[in-house]
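Below you'll find the structure, written out as structure tokens, and then a few comments.
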Amino acid sequence: MSETAGSRERGTGNSGTPGAGQQSPVASDQSSRTGDWRLATDGFRSVVFDCDSTLVAIEGIDELAGAKIEEVRRLTDLAMEGAIALEEVYGRRLAIIDPVRAQVEAIGRAYVEALVADAREVVAALLWLGKEVRVISGGLRPPVEAVARVLGIEPGKVAAVDIMFEADGRYRDFERDSPLARSGGKPEVLARWELPRPALLVGDGATDLEGRSAVDCFAAFMGVAHRPAVAAGADVVLSAPTLAPVLALASSTDERERLARSEWAALLARGDALLSDPAA
Ligand SMILES: [Mg+2]
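Residue numbering for the sequence shown follows the numbering used here, starting at 4 and increasing by one per position.
Written out as structure tokens, the structure is:
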């Protein structure tokens with residue numbers, strides 16, 4: 004299998020192992036887990052997921068935008084590419100959309116229907132292993148909590164942006180002082196959480212890449228949206244449209260042995276194969 008675009012983009016700014024990619028990444032169990040990424044750690048105690056385009060295959064704000072989608076998507080893309088600051092677009096997007104409560108609640112249902120392949124199973128396996136699993140999102144809290152709920156993650160382990168409505172359900176305002184509604188907010192929230200270390204962050208956007216400074220490894224999930232600028236700054240690039248590689252990446256040697264004897268053995272094997280070769 005030829006090397007796939009995306010699988011070798013790791014750490015262009017800090018990779019100290021040029022040429023390592025020439026070896027067969029599936030030659031042994033050891034290399035099948037870490038591929039040629041040479042991760043310094045044996046598994047992660049905490050795994051934090053972004054929501055939009057990471058746990059779910061849609062962007063909630065786009066869904067919410069309806070007919071105003073072009074105007075809103077243009078602002079979102081500029082923010083996720085890091086071209087303009089998130090705080091500039093956050094209030095503008097909501098003001099343009101002017102959503103009612105029922106519309107926001109409907110996004111929660113749309114999210115759950117659009118869960119990325121293996122999201123449920125991977126989170127279930129991570130929780131079974133006893134890992135700290137959290138969700139951090141610049142999205143609106145009600146729909147992000149709905150996703151977390153179906154994944155078995157309690158609301159206290161979710162960080163997102165609150166939205167306020169009038170008594171009749173019309174939009175009033177959003178949580179303007181939330182760090183997640185501005186650039187640079189994710190590392191702030193991650194640091195405040197005091198996560199068990201080492202910690203892995205999985206996400207697709209520029210705001211996730213910012214979070215890298217507060218964790219031990221940032222995996223760019225490019226299985227839904229491909230953002231070259233984010234992939235270029237990541238420690239690991241996950242290109243396949245499934246979260247199965249996250250289980251392989253997050254598990255220690257001991258945990259891998261437990262998984263191999265569990266109902267998640269096949270999921271782990273699939274994750275391993277994709278971690279080594281995203282086209283597998
Ligand atoms: Mg995202």
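Virtual Cβ for every residue (Gly too), placed ideally from N, Cα, C.
Checklist entry - Among GLY274, GLY63, GLU260, which has the Cα closest to the Cα of ALA298? => result Absent from the structure is residue 298, since the part of the chain shown begins at 4 and ends at 283.
Item to check | Euclidean distance between Cα positions of VAL136 and ASP55 | outcome: Residue 136 sits at position 133 when you count from the first residue of the sequence shown. Residue 55 sits at position 52 when you count from the first residue of the sequence shown. Near 16 angstroms, if we compare the C-alpha coordinates of ASP55 and VAL136.
Checklist entry - So is MET167 buried or exposed if we call it buried at 16+ other beta carbons inside 10 Å? => result Locating residue 167 in the sequence shown gives position 164, counting from the first residue. Label assigned to MET167: exposed.
Next on the checklist: Short of 8 angstroms in beta carbon distance, which residues of its chain neighbour SER31, apart from the five on each side in sequence? Order them along the chain.
Outcome noted: Against the sequence shown, residue 31 aligns to sequence position 28. Residue placement at SER31 cannot be trusted, given a pLDDT of 37 that sits under 50; what the coordinates show is reported in the next sentence. Answer for SER31: no residue qualifies.
Item to check | Among TYR174, VAL249, LEU129, GLY187, nearest to SER265 - alpha-carbon criterion | outcome: Working through the sequence shown from its first residue, we reach residue 265 at position 262. Ranking TYR174, VAL249, LEU129, GLY187 by Cα distance to SER265 puts LEU129 first.
Checklist entry - Closer than 6 angstroms from C-beta to any heavy atom of ligand 1: which residues, in chain order? => result ASP53, ASP55, SER56, THR57, GLY206, ASP207, GLY208
Checklist entry - Can you tell me whether DSSP reads ASP176 as helix, strand or coil? => result Position 173 of the sequence shown, counting from 1, holds the residue named residue 176. DSSP places ASP176 in strand when its eight states are reduced to three.
Checklist entry - Which two residues bound the contiguous alpha helix (DSSP H) that contains ILE87? => result As a working note, residue 87 is residue 84 in the sequence shown. Taken as a continuous stretch (DSSP letters only), ILE87 belongs to no alpha helix (DSSP H), as it is neither H nor E.
Checklist entry - Pick from LEU132, LEU246, LEU97: whose alpha carbon is nearest that of SER255? => result Indexing the sequence shown from 1 puts residue 255 at position 252. Cα-wise, what sits closest to SER255 is LEU132.
Next on the checklist: Restricting to Cα atoms, I'd like to know which of VAL107, LEU278, ARG144 is closest to ALA243.
Outcome noted: Position 240 of the sequence shown, counting from 1, holds the residue named residue 243. Of the candidates VAL107, LEU278, ARG144, the one whose C-alpha sits nearest the C-alpha of ALA243 is LEU278.
Checklist entry - DSSP on GLU213, reduced to helix/strand/coil? => result Translated into the one-based positions of the sequence shown, residue 213 becomes position 210. DSSP places GLU213 in helix when its eight states are reduced to three.
Next on the checklist: Judging by CA-CA distance, which residue of GLU84, LEU97, ARG48, VAL92 is the nearest neighbour of ASP176?
Outcome noted: For this step, residue 176 is matched to residue 173 along the sequence shown. Ranking the options by Cα distance to ASP176, first place goes to LEU97.
Checklist entry - What is the rounded straight-line gap between the Cα of ALA276 and the Cα of GLU169? => result Locating residue 276 in the sequence shown gives position 273, counting from the first residue. Locating residue 169 in the sequence shown gives position 166, counting from the first residue. The alpha-carbon atoms of ALA276 and GLU169 are separated by roughly 50 angstroms.
Item to check | Spatially closest choice to ALA70 from GLY236, ILE99, ALA235, ARG144, by CA coordinates | outcome: Counting from one through the sequence shown, the residue named residue 70 turns up at place 67. Nearest option by C-alpha distance: ILE99.
Item to check | Residue interval of the beta strand (DSSP E) (run including ALA202) | outcome: The residue given as residue 202 occupies position 199 in the sequence shown. 202 to 206 is the extent of the beta strand (DSSP E) around ALA202.
Next on the checklist: Rounded to whole angstroms, what is the Cα-Cα separation between ALA272 and ALA247?
Outcome noted: The residue given as residue 272 occupies position 269 in the sequence shown. The residue given as residue 247 occupies position 244 in the sequence shown. ALA272 and ALA247: Cα-Cα distance of roughly 9 angstroms.
Checklist entry - When we look at the beta-carbon of GLY349 and count the other beta-carbons within 10 Å, is it buried (16 or more) or exposed? => result Outside the modelled stretch of the chain, which goes from 4 to 283, sits residue 349, for which no answer is possible.
Item to check | ILE72 in three-state terms, based on DSSP | outcome: Taking the first residue of the sequence shown as position 1, residue 72 is located at position 69. It is helical.
Item to check | Nonlocal neighbours in the same chain, by C-beta distance under 7 angstroms from GLY187, ignoring five residues either side | outcome: What you label residue 187 is simply residue 184 of the sequence shown in a count that begins at 1. Excluding positions up to five away in sequence, the list reads GLU213.
Checklist entry - If we count the other Cβ atoms within 10 Å of its Cβ and call it buried at 16 or more, is GLY94 buried or exposed? => result Locating residue 94 in the sequence shown gives position 91, where the first residue counts as 1. GLY94 comes out exposed.
Checklist entry - According to DSSP, which residues form a beta bridge with THR245? => result As a first step, residue 245 must be located in the sequence shown, where it is residue number 242. Bridge partners of THR245: ALA120.
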